[in-house]
Every structure is written in structure tokens, then in C-alpha cells.
Amino acid sequence: MVNAETNAQEYALDRDCTTLSRHVLQQLQNFSAEAQDLSALMNRIALAGKIIARRLSRAGLMEGVLGFTGDINVQGESVKKMDVYANDVFISVFKQSGLVCRLASEEMEKPYYIPENCPIGRYTLLYDPIDGSSNTDINLNLGSIFAIRQQEGQDADGTASDLLQDGRKQIAAGYILYGPSTMLVYSIGKGVHSFTLDPSLGEFILSDENIQIPNHGSIYSVNEGNFWQWDESIREYIRYVHRTEGYTARYGGAMVGDVHRILVQGGVFLYPGTVKQPEGKLRLLYESAPLAFLIEQAGGRSSTGTQEILDVIPEKLHQRTPLIIGSKDDVSLVESFIHQQTQSEKSIMERSRVLQ
Ligand code: AHM
Ligand code: MG
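The numbering of the sequence shown is my numbering, which starts it at 175 and goes up by one.
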């Protein structure tokens with residue numbers, strides 16, 4: 175009896191001590207400068223998450239937190255006050271850290287360079303400070319998405335052109351989910367691990383290690399309001415899931431929550447291109463590539479429909495891309511509809527050429 179109690183106590187103590195920074199060091203199994211840097215970087219990201227979560231938890235009671243600023247961002251979208259706040263939180267947390275040289279965000283036209291009077295590091299943080307902004311004013315789940323890349327070359331002209339590389343250059347990626355509890359899910363290329371913020375400790379504590387996404391799931395997650403804006407191949411896929419038993423739709427308007435559900439339960443999340451916006455809505459460097467890195471680490475896949483997301487080389491920082499992400503089999507199924515459509519278009523063109 176005493177033994178069982180002691181074991182339970184030891185377990186609880188051990189669990190509470192598995193903080194994010196300790197976990198990163200355990201993953202790397204060494205105390206090299208790089209391991210220390212990564213641990214410190216993750217710690218800073220966690221701090222930003224805690225500050226944002228704190229504000230969100232009281233948003234309805236505070237002045238000047240909810241609603242729009244009246245500005246339009248580089249994406250052509252109306253900016254919410256929380257977008258600006260969260261963007262600034264990441265800058266403020268990293269400015270004096272000595273870990274990064276720049277921060278590139280969905281909300282800023284150009285990267286923010288650490289001023290010369292502050293310690294400058296060799297990493298770049300790429301982030302979407304508040305993902306799913308439309309959920310902000312109605313107290314629904316939101317997220318922050320992040321990725322870390324190493325600076326390559328000097329970037330003397332300030333164009334950050336070394337960031338225009340494929341997603342396999344990411345050394346860490348993940349998201350913070352602001353839901354009933356705040357969770358941080360990350361990968362440094364050694365599996366996917368989730369942490370839950372324990373408000374009484376003010377720490378993210380390990381909640382699940384080496385998460386594996388099922389190869390297939392029943393969930394499809396897409397904004398079906400865009401049905402008539404999509405290519406016929408996507409419409410055909412949706413018709414297929416409508417008439418096939420075993421599928422169910424879930425769409426929350428905030429990708430971090432939708433992708434988190436799929437990470438845990440399996441299925442597929444899609445944001446395809448539309449007639450007006452063939453490249454879709456989601457940004458490669460701040461949204462699609464970090465999530466692709468994570469989902470691949472969990473044994474899933476992500477694709478534009480014709481190419482692996484992690485292989486896409488952007489031409490510009492704010493490049494958008496169609497996104498199909500989730501369980502291996504479900505991503506492949508969507509791709510098969512796209513492939514079929516491309517093949518039939520090719521054979522129609524071939525036939526009309528022969529007839530001319
Ligand atoms: P945001 O980062 O500006 O909030 O945009 C990204 C969000 C995703 O989280 C979400 O899946 C999608 O936009 C929702 O868009 P829509 O309202 O077109 O379905
Ligand atoms: Mg976003």
C-alpha cells in the first residue's frame with residue numbers, strides 16, 4: 175500500500191518535472207550548444223504562448239483586446255487587435271534572447287531584424303501569431319504556428335532570400351493550441367510530442383510523447399462553402415465522401431484546432447485553391463510548411479495536390495499554397511482525384527489536337 179502510494183507520488187512528481195526545455199534536451203541526448211539553443215528557443219516560444227493564452231483567457235473582460243484595428247495586413251486581410259498583440263509578444267520575447275537574428279511573420283510585410291544594440295543569434299523564427307483570427311471575438315479555439323530555421327549566408331541586403339528554401343530546412347516546428355486548455359505540440363525532427371499548460375505551475379508539462387497519426391480516419395475538414403469555387407477534382411472528392419459510409423465533417427475555422435484533431439484521430443484537412451485564388455489561402459512558410467513538418471514526423475503526409483508540401487520552394491516570403499494534410503491514406507485519396515482529373519484533361523487535349 176505504502177509502495178503504491180510512493181510510486182504514484184513519484185510518477186506525479188516525475189510527470190510534473192517533464193517540462194518542455196527538459197524534454198528538448200532529453201530528445202537530443204546531449205548538452206551541445208545546438209541542443210541548448212533549441213531548448214532555449216522552445217522555452218521562449220512557450221513563454222510567448224503563455225502570455226497570449228493569459229490575454230485570451232480574459233479577453234472578454236478587458237478593454238481594447240477584441241475587434242479589428244482598422245488596418246489591412248500584407249495578406250490583404252483585416253487585422254484584429256489580437257493579431258497585432260500576439261505578433262508583438264513574439265518579437266518582445268525574442269528581442270533580447272540572443273537566439274534569433276530575425277522574425278518573419280504572416281502579419282509583417284518584411285522580417286523584423288533584431289536591432290544591433292541587442293544580442294543577435296543565428297536562427298530565424300517564422301510564425302503565424304494568431305491562426306484562425308475569425309474565432310477571436312467569439313471565444314473559440316485559436317492557435318499560433320511556428321517554425322525555426324537556421325540563417326544561411328549573410329542576408330546583407332535584408333531580403334531574407336535564404337528563407338526561400340524547401341520545408342525540409344526547418345529544424346523545428348509546431349503549434350500552440352488555445353482551447354479549453356493550452357497545448358503546445360512540437361517536433362525537432364524526432365517525433366511529435368504534446369504539452370499541456372498547467373496554469374497552477376505556469377509550465378507546459380508533457381502530456382503525450384511520440385504521437386502517431388492513424389493511417390486513415392473518418393474526418394474530412396474543409397470549408398464546403400467554397401464548393402463551387404473549387405476545381406472539379408475536389409468537388410468529386412467531396413461527392414465521394416458524401417456518398418460513402420464512414421466519413422464525417424468537422425471544420426472549426428481555425429486550422430490549428432482542425433489539424434490537432436486530425437493528428438490525434440486521423441483524417442484529412444484541406445484548403446484547396448479556388449477560382450479566384452488558385453494558390454489557396456494558407457501561407458507556405460508560416461502555416462503549411464510547419465504543419466507539414468509536424469504531421470510528417472507523426473507518420474502522416476501533406477501535399478499541394480501534386481507535390482509534397484515540404485518540397486515546395488517558395489518564390490516569395492508570403493507565398494500561398496493549396497494544402498491537403500493528414501493521414502497518409504486520406505491525403506493519397508484526395509490526390510488520386512486530382513490526378514484522375516489531370517489525366518482526363520490531358521487526354522481531352524490530346525484528342526482535340528489529333529482532330530485538328
Ligand atoms: P488566418 O491565419 O488569417 O486566421 O487564416 C488562416 C485560417 C485557418 O486557420 C483556417 O483554416 C482558415 O483560415 C479559415 O478560412 P475560411 O474562413 O476561408 O474557411
Ligand atoms: Mg493563419
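Ideal Cβ positions, reconstructed from N, Cα and C, are used throughout, including at glycine.
So the candidates are the options; which of them puts its Cα closest to the Cα of residue i?
| i | options | result |
| --- | --- | --- |
| A214 | F268, A334, T192, Q386 | F268 |
| G376 | A182, L202, Y185, I226 | I226 |
| Y301 | I487, I265, S518, A330 | I265 |
| S355 | S476, E453, H492, G431 | G431 |
| T556 | L314, R457, L351 | The shown model of the chain, from 175 to 530, leaves out residue 556, and the question about it has no answer. |
| S335 | R342, R494, D245, E326 | E326 |
| E398 | S392, P388, R409, N389 | R409 |
| A260 | Q451, G426, I219 | I219 |
| S374 | D190, N204, I483, S318 | D190 |
| D211 | E283, S271, H513 | S271 |
| Q535 | Y445, Y411, I319 | Within the shown structure, residues of the chain are numbered from 175 to 530, placing residue 535 beyond reach of any answer. |
| I379 | R475, Y352, L187, H492 | L187 |
| S308 | N400, A428, T333 | A428 |
| S252 | P446, I304, G447 | I304 |
| L230 | F242, G317, I288 | G317 |
| R232 | S279, N313, E208 | N313 |
| A466 | G353, T448, T495 | T495 |
| L351 | S381, W402, N315 | N315 |
| G500 | G332, P446, V433 | V433 |
| D331 | Y349, D372, K284 | K284 |
| D405 | E383, K450, H367 | K450 |
| W402 | T448, Y414, Y425 | T448 |
| V263 | S381, Q249, V248, S279 | S279 |
| F242 | T310, Q517, M216, I319 | T310 |
| A346 | F369, T298, T370, G306 | T298 |
| E509 | Q493, I483, A207 | I483 |
By the DSSP assignment, the beta strand (DSSP E) with residue i in it spans what residues?
| i | result |
| --- | --- |
| K254 | 252 to 254 |
| Y366 | Looking at the sequence itself, residue 366 is Val, so the reference to Tyr does not match. Run containing V366: none; DSSP gives neither H nor E here. |
| I219 | Here I219 belongs to no beta strand (DSSP E); instead the alpha helix (DSSP H) covers 207 to 231. |
| E377 | 377 to 382 |
| A347 | 346 to 352 |
| L277 | 274 to 279 |
| I393 | 393 to 395 |
| L497 | 497 to 500 |
| L358 | 356 to 361 |
| F242 | 242 to 246 |
| S374 | Neither: S374 is in no beta strand (DSSP E) and is coded neither H nor E. |
| S477 | 475 to 477 |
The alpha helix (DSSP H) with residue i in it runs from where to where?
| i | result |
| --- | --- |
| R409 | 406 to 417 |
| E453 | Taken as a continuous stretch (DSSP letters only), E453 belongs to no alpha helix (DSSP H), as it is neither H nor E. |
| R435 | 429 to 439 |
| S195 | 194 to 202 |
| L465 | 463 to 471 |
Using 9 Å as the limit for Cβ to Cβ distance, is residue i near chain C?
| i | result |
| --- | --- |
| I487 | Of the chains in the structure shown, none is chain C; there is only one protein chain. |
Start-end ranges of the beta strand (DSSP E) lying completely within the region 293 to 340, minimum 3 residues: 297 to 305, 316 to 324
Please determine if the region 358 to 368 and the region 456 to 472 are in contact, where contact requires at least 3 C-beta pairs separated by less than 8 Å. yes
If you pair each beta-carbon of the region 246 to 260 with each one of the region 223 to 237, do three or more pairs fall below 8 Å? yes
Should the region 431 to 445 be regarded as contacting the region 391 to 407, the criterion being three or more beta carbon pairs within less than 8 Å? yes
Assess, as a yes-or-no matter, whether the region 337 to 356 is touched by the region 486 to 495 under the definition of 3 or more beta carbon pairs within less than 8 Å. yes
Counting Cβ pairs, one atom from each stretch, are 3 or more of them under 8 Å apart for the region 290 to 298 and the region 192 to 202? no
Taking 8 Å as the cut-off, does the region 416 to 430 touch the region 375 to 389 (at least 3 CB pairs, one atom from each stretch)? no
Three or more C-beta pairs closer than 8 Å, one from the region 450 to 464 and one from the region 508 to 528: is that the case here? no
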